[in-house]
Amino acid sequence: MIRSELIQKIADENPHLYQRDVERIVNTIFEEIIDAVASGNRVELRGFGAFSVKKRDARVGRNPRTGESVHVEEKHVPFFKTGKLLRDRLNGHD
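For the sequence shown, position 65 matches number 65 in full-length UniProt numbering, and the numbering has no gaps at all.
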């Protein structure tokens, strides 16, 4: 599902809301999650999962094309851990 499909589904299930308002709400939720994670905070949505940031230390990597060693800088990467409800549903335990 892509963002526009999510917006359409919510709008269809809530005919009392204008689609532009649903779009604004969805975009605001995503922006708040992005801002929080970018600031190093954890975002937990009960039953769905938690977004956090993990630090990857600098290391020596290898260019797969040439085999040459290359320095890879330290970086921060987003991490998502599923919640129990989502995990159970994925495994057929409704």
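From the three backbone atoms N, C-alpha and C, an ideal C-beta is built for every residue, glycine too. For clarity, every value in this text was computed on a predicted model and none was experimentally measured.
Review point. Just how far apart, CA to CA, sit Ile10 and Glu68?
Key: 50 Å
Practice item. Determine the contact status of Val53 and His71, defining contact as a CB-CB distance below 9 Å. Key: no
Practice item. Quick one: give me the first and last residue of the beta strand (DSSP E) that Lys69 is part of. Key: The question names Lys, yet the displayed sequence has Ser at residue 69. Its beta strand (DSSP E) spans residues 69 to 72.
Practice item. Look up Arg31 in the DSSP assignment and give the residues it is bridged to. Key: As written in the sequence, residue 31 is Glu, which differs from the Arg given in the question. Beta-bridge pairing links Glu31 to no other residue.
**Study point:** Exposed unless 16 or more other CB atoms sit within 10 angstroms - verdict on Val22
**Key:** buried
Point to revise | Cα-Cα separation, Asn14 to Thr66 | key: 55 Å
Practice item. Tell me Pro78's beta-bridge partners as DSSP assigns them. Key: Val53
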